[in-house]
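Numbering (UniProt numbering), first residue to last: 1 to 315.
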């Protein structure tokens, strides 16, 4: 990937697996900060298709199971439609939603009507739909769960950003994905940009892979059975039981061009009493990070994780 002026979505590397995986972060410059495009809207979509979870060995479903699967797929499509609405594209017409999600117009109208009826969408003056007040309850719930952790972490994340000069992130696992809880962006003119709530595949990148290493064994095996077809052969050893056990024991790891060309990343675990671990990570372009800088950044990252862990323990 070549870093150049403008908001450039990071292209998925062949090292990172199948080329159809959505972009998990993007490079931003001051000149184009805040630029919008459909391509950026897609950056928060699910990291791999739910359809990819079906394997050839799956037996034909019984009528009851088929009905259940159909209902689950309908729910997924409904959620995907709602997730089309973002800060970069807050308004959508039904036709645009249908095209974006490959739905028939009748299906798109049905889903929009249901979300409108439940108070999640409202029709605007220009015949497009926007998110309605009902959605704020989800925001309030999210902010309530993250407040304590973020209050502790943000000052330390800011200190780390200033020390290493690169974007610093906080992430946790929910189900089959890692999600960005918060971030402190680099002050460099060329920097990586992540959105709060952005989803990342657990099998690619230092932060997601570290979270994967702490996943319960049974859940992790099921996830990897679905994800392995999306991973290139040379990267499969990173996802072995031995490799994941090693990074879980160490509490940190790093990645070099694992998701995107010319991008280095590292992560360290933050342990929380009676709760699942979260991770703090940093990422930046390799032209700014020689070997000595990477070693220093990872050491400071581990120290920051320890500081956050200690601060949480006192609360």
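Built from N, CA and C at the ideal position, the CB exists for glycine as well.
Out of curiosity, what's the CA-to-CA distance linking residue 65 and residue 112?
-> Counted from its first residue, the chain shown places residue 65 at position 65. Counted from its first residue, the chain shown places residue 112 at position 112. Low per-residue confidence applies at residue 65: pLDDT is 47, beneath 50, and the placement is therefore not dependable, though the value from the model is reported in the following sentence. Approximately 27 Å between the Cα atoms of the pair.
Contact belief for residue 278 with residue 181 at Cβ below 8 Å, rounded distance in angstroms | For the purposes of this step, residue 278 is taken as residue 278 along the chain shown, with counting starting at 1. For the purposes of this step, residue 181 is taken as residue 181 along the chain shown, with counting starting at 1. Confirmed, Cβ separation roughly 7 Å.
Rounded straight-line distance, which links the Cα of residue 82 to that of residue 245 | If you number the chain shown from 1, residue 245 lands on position 245. If you number the chain shown from 1, residue 82 lands on position 82. Their Cα atoms are separated by approximately 37 Å.
Pair every Cβ in the stretch 103-112 with every Cβ in the stretch 210-221, then say whether three or more of these pairs are closer than 8 Å.
-> No, the stretch 103-112 is not in contact with the stretch 210-221.
Between 157, 256 and 175, which lies nearest to residue 167 when the distance is taken from Cα to Cα?
-> Translated into the one-based positions of the chain shown, residue 167 becomes position 167. Considering only 157, 256 and 175, the residue with the shortest C-alpha distance to residue 167 is 157.
In terms of DSSP beta bridges, what is residue 265 paired with?
-> Translated into positions along the chain shown, residue 265 becomes position 265. Secondary-structure assignment with DSSP links residue 265 through a beta bridge to 255 and 283.
For residue 190, does the three-state DSSP call read helix, strand or coil?
-> As a working mapping, residue 190 is identified with position 190 in the chain shown. In the structure shown, the three-state DSSP call for residue 190 is strand.
With which residues is residue 270 paired in a DSSP beta bridge?
-> Position 270 of the chain shown, counted from the start, is the residue given in the question as residue 270. As computed with DSSP, residue 270 is found in a beta bridge with 278.
Could you check what DSSP says for residue 300 in three-state terms: helix, strand or coil?
-> As a working note, residue 300 is residue 300 in the chain shown. Three-state DSSP puts residue 300 in a helix.
Less than 8 Å separating the beta-carbons of residue 170 and residue 153?
-> Along the chain shown, one-based indexing puts residue 170 at 170. Along the chain shown, one-based indexing puts residue 153 at 153. Residue 153 is positioned such that its CB atom lies closer than 8 Å to that of residue 170.
Alpha-carbon spacing of residue 217 relative to residue 123, whole angstroms = Within the chain shown, residue 217 is the residue found at index 217, counting from 1. Within the chain shown, residue 123 is the residue found at index 123, counting from 1. For the pair residue 217 and residue 123, the Cα-to-Cα distance works out to about 46 Å.
How many angstroms separate the CA atom of residue 303 from the CA atom of residue 74?
-> Taking the chain shown and counting its residues from 1, the one referred to as residue 303 is at position 303. Taking the chain shown and counting its residues from 1, the one referred to as residue 74 is at position 74. Put simply, the backbone Cα of residue 303 is about 45 Å away from that of residue 74.
If you pair each beta-carbon of the stretch 286-304 with each one of the stretch 222-234, do three or more pairs fall below 8 Å?
-> The stretch 286-304, when compared against the stretch 222-234, does not touch it at the 8 Å Cβ threshold.
Outcome for residue 258 when other beta-carbon atoms lying within 10 angstroms are tallied against a minimum of 16 | For this step, residue 258 is matched to residue 258 along the chain shown. Buried, because 16 or more other Cβ atoms sit within 10 Å of the Cβ of residue 258.
Would you mind stating whether residue 284 and residue 267 have Cβ atoms separated by less than 8 Å?
-> Position 284 of the chain shown, counting from 1, holds the residue named residue 284. Position 267 of the chain shown, counting from 1, holds the residue named residue 267. It is not a contact, given that the beta carbons lie outside the stated cut-off.
Simplified DSSP assignment, three categories, for residue 167 | For this step, residue 167 is matched to residue 167 along the chain shown. Under the three-state reduction of DSSP output, residue 167 falls in the strand class.
C-alpha distance - residue 276 paired with residue 127, whole-angstrom precision | Residue mapping note: residue 276 aligns to position 276 of the chain shown, counting from 1. Residue mapping note: residue 127 aligns to position 127 of the chain shown, counting from 1. Whole-angstrom Cα-Cα distance: 44 Å.
If you compare alpha carbons, which of 273, 118, 149 and 204 is closest to residue 134?
-> Mapped onto the chain shown, residue 134 falls at position 134. In terms of Cα proximity to residue 134, the closest of 273, 118, 149 and 204 is 118.
Residue of 175, 185, 208 and 220 minimising C-alpha distance to residue 254 = Residue numbering aside, residue 254 sits at position 254 when the chain shown is read from its first letter. Per the Cα distances, 208.
Report yes if the C-beta distance between residue 173 and residue 192 is below 8 Å; otherwise report no.
-> Counting from one through the chain shown, the residue named residue 173 turns up at place 173. Counting from one through the chain shown, the residue named residue 192 turns up at place 192. Not a contact, by the Cβ cut-off of 8 Å.
Relative to the C-alpha of residue 272, which residue among 238, 195, 109 and 313 is closest?
-> On the chain shown, position 272 is the one that residue 272 refers to. Per the Cα distances, 313.
Can you give me the Cβ contacts of residue 296 inside the same chain, cut-off strictly under 8 Å, excluding the 5 residues immediately before and after it?
-> Position 296 of the chain shown holds residue 296. If we look at residue 296 and ignore the five residues flanking it on each side, its Cβ neighbours are 164.
In whole angstroms, what is the alpha-carbon distance linking residue 298 and residue 177?
-> Start at 1 with the first residue of the chain shown, and residue 298 comes out as number 298. Start at 1 with the first residue of the chain shown, and residue 177 comes out as number 177. Between residue 298 and residue 177, the C-alpha separation is close to 23 Å.
Would you mind stating whether residue 318 and residue 132 have Cβ atoms separated by less than 8 Å?
-> Here the chain has residues from 1 to 315 only, and residue 318 is not among them.
Count the other CB atoms within 10 Å of the CB of residue 274; is the residue buried (16 or more) or exposed (fewer)?
-> The residue given as residue 274 occupies position 274 in the chain shown. So residue 274 ends up on the exposed side.
What does DSSP give as the partner residues of residue 182 in its beta bridges?
-> Your numbering for residue 182 matches position 182 in the chain shown. DSSP, once it has assigned bridges, lists 170 as partnering residue 182.
Is the CB-CB distance between residue 301 and residue 149 below 8 Å?
-> Here residue 301 refers to the residue found at position 301 of the chain shown. Here residue 149 refers to the residue found at position 149 of the chain shown. No; because the gap between Cβ atoms is not below 8 Å, this pair is not in contact.
In chain order, which continuous runs of the alpha helix (DSSP H) of length 4 or greater are located wholly inside the stretch 103-128?
-> As summarised for the stretch 103-128, the continuous alpha helix (DSSP H) elements at least 4 residues long and confined to that stretch are 105-117, given in chain order.
Is the distance from the Cβ of residue 78 to the Cβ of residue 114 below 8 Å?
-> As a first step, residue 78 must be located in the chain shown, where it is residue number 78. As a first step, residue 114 must be located in the chain shown, where it is residue number 114. Yes, the pair counts as a contact, with Cβ atoms nearer than the cut-off.
How long is the line joining the alpha carbons of residue 309 and residue 184, rounded to whole angstroms?
-> Residue numbering aside, residue 309 sits at position 309 when the chain shown is read from its first letter. Residue numbering aside, residue 184 sits at position 184 when the chain shown is read from its first letter. Roughly 18 Å between the two C-alpha positions.
Contact belief for residue 206 with residue 265 at Cβ below 8 Å, rounded distance in angstroms | Within the chain shown, the letter at position 206 stands for residue 206. Within the chain shown, the letter at position 265 stands for residue 265. Confirmed, about 4 Å.
At a cut-off of 7 Å, is residue 188 close to the ligand FAD when judged by its beta-carbon and the heavy atoms of the ligand?
-> Inclusion of the ligand FAD in the displayed structure is not the case, the ligand content being empty and no account of it being possible.
Taking residue 138 as the reference, which of 224, 197, 71 and 175 has the closest Cα?
-> Indexing the chain shown from 1 puts residue 138 at position 138. Checked all of 224, 197, 71 and 175; the closest Cα to residue 138 is 197.
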